[in-house]
Each structure stands twice: as C-alpha cells, then as structure tokens.
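Before any comments, here is the structure.
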Amino acid sequence: MKKKNNIIKKVCLVIILLFSFVTSVDAADDKKHGIGFEIRPILPQTQIDNSLGYYYFETKPGVKQEIELSVLNVQDKDITVEIFVENAISTKTGSIDYTTNLEKVHDSLKNPMSEILAPTEKVVTVKPEEEKIVFLEINPPAETYEGAKMGRVIVKEKTEESSVGVSQEYQYGIGVITSESGDLFNDGDILKLEDAKAFVSNGSKVIQGELVNPLPKTIEDLEVRAFVTKKGDSKKLKEKNIDNFSFAPNSKVLYEIPWGLTNFETGEYTFNFKASNDFERFDLTKDFKIR
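According to our numbering, the sequence shown is numbered sequentially starting from 1124.
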C-alpha cells in the first residue's frame, strides 16, 4: 500500500510537469508577448480527473466521442490558427517530447494519438475578441488497449511575413492522455537495450545504445549511469550519466555516450546501462564490435 501511495503522489507530480502547458493567460500578457490568442480545454464528461488543466479521459473500444477546445482571439483583427495533434516520444536527454513525425514513433505503439484524434476543422479563423469552440473527434481502435496513450493538441497561428521576409509563429499546446481503465500508467517495469554501436552523431564520435520501453506506460525519474567497457573488463572507458530520465509509453531512446576526439579502436566492447528509480532497477548490457 505504501508503494502504491508513493506511485500516486509521483504520477500526480510528473503529470503536472509533463502537461503544464500554457492554456489560458491574461489577455494583456498575450498582447505584450505578441501572442494574440489563448486557448482553454473544455473537459469532456468522460474526463477521469476534472481537477487537471489538460485532457485525461476514458475511451471505450470503437466508440467515437468529441472533445471541445476554446480559442479566444484577444486582438483587434482576425486570426487564423491551425490545429493538429502530436504524439509523445522520448528524447536522448531523458525528457518527453512530442512530434507529428510517425517515423519517430516506436513500432510497439499501435494506434498513436495522431491517428485516433483529429480536429474536425484543421484551420479556423477567429474574429476579433471572439471565443470560438473547436471540436476534435477521437476514434479509438475497436480492440481494447492497456495503459495509456499520450500526446497533445497544438493550436498554432502563423503571422504575416515582415518586410525582411521573416514570419513568426506562435503556438500553444494542451496535453492529452486517454485510457480505458483510468489505472496508473507511470509504473513501467520493462526496459530493453536492443542494440549498441559506434556512431558519428552530428560530427561527433559516440557510442549509441538503442533503448526501448515497449509498454504503454511511462518510466520516470530514473538515475542513469551508462558507460562503455572492453568486453569482459570492468574498467570504464567512456561514460555519461543523466538524472531524472523519463521514457514515454511505447518509445525508444538513442542514448549517446561521447567518445571524444580520439579515433575509434578496433575491438569488442560492452555498452552498460544502469538505471533506477524508487520502484525499479535496470541493469542492461549489450556487446558490440568496432571494426
């Protein structure tokens, strides 16, 4: 019971950090910073927790539903905004990010958020001082799913080009989590080290390990200690440590350990990835060769 209570406290904190996007701010601040609109989620009846400032609602297999979003124009002219949906992914620095690029989504994620949630209108014009309600339709898969799906809704305004040919874009995002059960989803307990290799990343030599979270749950607040050794040896040749490392559900990370300025040396090596939080401990290794 103590472990469960700790998990509940931790998930509340992490959700706040991951989804505390600006959704509604003072109109004067909007104008001051050049942002001519604000947005506000209108929580559906299927919302699991109404105290949250983002969408966290229940779905049922194959049952469509609509969610609503308020867009308020605080300018004295029309604005046109684009609305689209992004999927949650993991980054190599240990944060959870979002993308529309499905090539960055891991194969273990079936029916990502951008495929089941879409605005009924992708482009909307809002008159001065008008609040417009826009609709997004969610069409969950017919098959049941476990855990949670994560993403966010983006509302973006593209302004006119300046005299020097530069345009500015302003956008807000609101987090979206869907679940069939409402159960905790930050208790992921499987992490795989699927590959390791010597690699040149942005002109720098690195040893890259491919890590995969195959479950529809997050793994959060990890203390990571990663290092490279000669195969069969315990001496650390290179290392990279990161604290507060998190994985999005069904995601992969290409974790890079800098090699430095020296040339790669031919031989057999081992990529070591040790990570732990309050509830789980991972001790992963992968042998690889440099030819």
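Backbone N, C-alpha and C define an ideal beta-carbon position, used for all residues, glycine too.
Owing to the predicted nature of the structure, the values given are computational and were not obtained by experimental measurement.
Quiz item: Do you know offhand how far Thr1146's Cα is from Ser1193's?
Solution: Only weak support exists for where Thr1146 lies, its pLDDT of 39 falling under 50; the value from the coordinates is given anyway. Linking Thr1146 to Ser1193 through their CA atoms gives a straight-line distance of about 10 Å.
Quiz item: Thinking C-alpha only, which one of Ile1380, Phe1322, Lys1315, Met1273 is nearest Asn1309?
Solution: Asn1309 has its Cα closest to that of Met1273, out of Ile1380, Phe1322, Lys1315, Met1273.
Quiz item: Taking Ala1319 as the reference, which of Arg1163, Asp1410, Ser1218, Val1208 has the closest Cα?
Solution: From the listed residues Arg1163, Asp1410, Ser1218, Val1208, the smallest Cα separation to Ala1319 is found for Asp1410.
Quiz prompt | Which of helix, strand or coil DSSP assigns to Glu1238 | solution = Annotated three-state conformation of Glu1238 is helix, per DSSP.
Quiz prompt | C-alpha gap between Leu1383 and Lys1361, whole angstroms | solution = According to the sequence as given, residue 1383 is Gly; it is not Leu. Between the C-alpha atoms of Gly1383 and Lys1361 there is a straight-line separation of about 9 Å.
Quiz item: Taking C-alpha atoms, which residue in Asn1234, Tyr1178, Ile1212, Thr1267 lies nearest to Pro1184?
Solution: Distance from the Cα of Pro1184 is smallest, within the candidate group Asn1234, Tyr1178, Ile1212, Thr1267, for Thr1267.
Quiz item: Got a sec, what are the start and stop residues for the beta strand (DSSP E) Ser1231 sits in?
Solution: It is not in any beta strand (DSSP E) - Ser1231 carries neither H nor E in the DSSP assignment.
Practice problem: Closer than 6 Å by C-beta to Phe1405: which residues in its own chain qualify, once you throw out the five before and the five after it? Chain order, please. | Solution: Taken in chain order, the residues that qualify are Leu1314, Ala1398.
Quiz item: When burial is assigned at 16 or more other CB atoms within 10 Å of the CB, is Pro1372 buried or exposed?
Solution: Residue environment: Pro1372 is assigned as buried (16 or more neighbouring CB atoms within 10 Å of its CB, all protein chains considered).
Quiz item: Nearest to Asn1325 by CA position, among Val1347, Glu1379, Gly1298, is which residue?
Solution: In terms of CA proximity to Asn1325, Glu1379 leads the group Val1347, Glu1379, Gly1298.
Quiz item: Do the CB positions of Asp1201 and Val1249 come within less than 8 Å of each other?
Solution: In this structure, Val1249 lies closer than 8 Å to Asp1201 by Cβ.
Quiz item: Mapping DSSP to helix, strand and coil, what is Leu1316?
Solution: Here DSSP, grouped into helix, strand and coil, assigns Leu1316 to strand.
Exercise. Check Leu1338 in the structure and name its three-state DSSP category.
Key: Coil at Leu1338, not helix or strand.
Quiz prompt | Any alpha helix (DSSP H) of 4 or more consecutive residues that is wholly inside the stretch 1191-1278 | solution = Scanning the stretch 1191-1278 for uninterrupted alpha helix (DSSP H) segments of 4 residues or longer gives 1236-1239, listed from N- to C-terminal end.
Quiz prompt | Own chain, CB closer than 6 Å to Tyr1179, minus 5 neighbours either side, in chain order | solution = Excluding positions up to five away in sequence, the list reads Ile1171, Asp1172, Ile1300.
Quiz item: Can you give the Cα-Cα distance for Ile1261 and Asn1364, rounded to whole angstroms?
Solution: Looking at the backbone, the Cα of Ile1261 and that of Asn1364 are separated by about 40 Å.
Quiz prompt | Residues near Ala1241 by beta carbon distance below 7 Å, same chain, minus five either side | solution = Result list for Ala1241: Val1208, Leu1259, Glu1260, in chain order.
Quiz item: Going by the beta-carbon positions, is the gap between Ile1162 and Ile1297 smaller than 8 Å?
Solution: With respect to Ile1297, Ile1162 sits close: the two C-beta atoms are nearer than 8 Å.
Quiz item: Tell me the DSSP bridge mates of Ala1371?
Solution: Answer is none; Ala1371 lacks a bridge partner.
Quiz item: Where are the beta strand (DSSP E) runs, 3 residues long or more, that stay fully inside the stretch 1357-1413, in chain order?
Solution: Those beta strand (DSSP E) runs which fall completely within the stretch 1357-1413 and span 3+ residues are 1361-1370, 1374-1381, 1390-1399, 1404-1413.
Quiz item: Got a sec, what are the start and stop residues for the beta strand (DSSP E) Thr1301 sits in?
Solution: It spans 1292-1302 - the beta strand (DSSP E) in which Thr1301 sits, taken as one unbroken run.
Quiz item: Is Thr1341 near Phe1370, with beta carbons less than 8 Å apart?
Solution: Judged by their CB atoms, Thr1341 and Phe1370 are nearer to each other than the 8 Å cut-off.
Exercise. Identify which residue in Lys1359, Thr1352, Ile1190, Arg1348 has its Cα closest to the Cα of Lys1366.
Key: The residue you asked about is not Lys; residue 1366 is Asp in the sequence shown. Check the Cα spacing between Asp1366 and each of Lys1359, Thr1352, Ile1190, Arg1348: the tightest is with Arg1348.
Quiz item: Roughly how many angstroms separate the alpha carbons of Glu1205 and Ala1321, rounded to a whole number?
Solution: Answer to the nearest angstrom: the Cα atoms are 41 Å apart.
Quiz prompt | Check whether Pro1251 and Asn1196 have beta carbons under 8 Å apart | solution = In contact: Pro1251 and Asn1196 (Cβ atoms closer than 8 Å).
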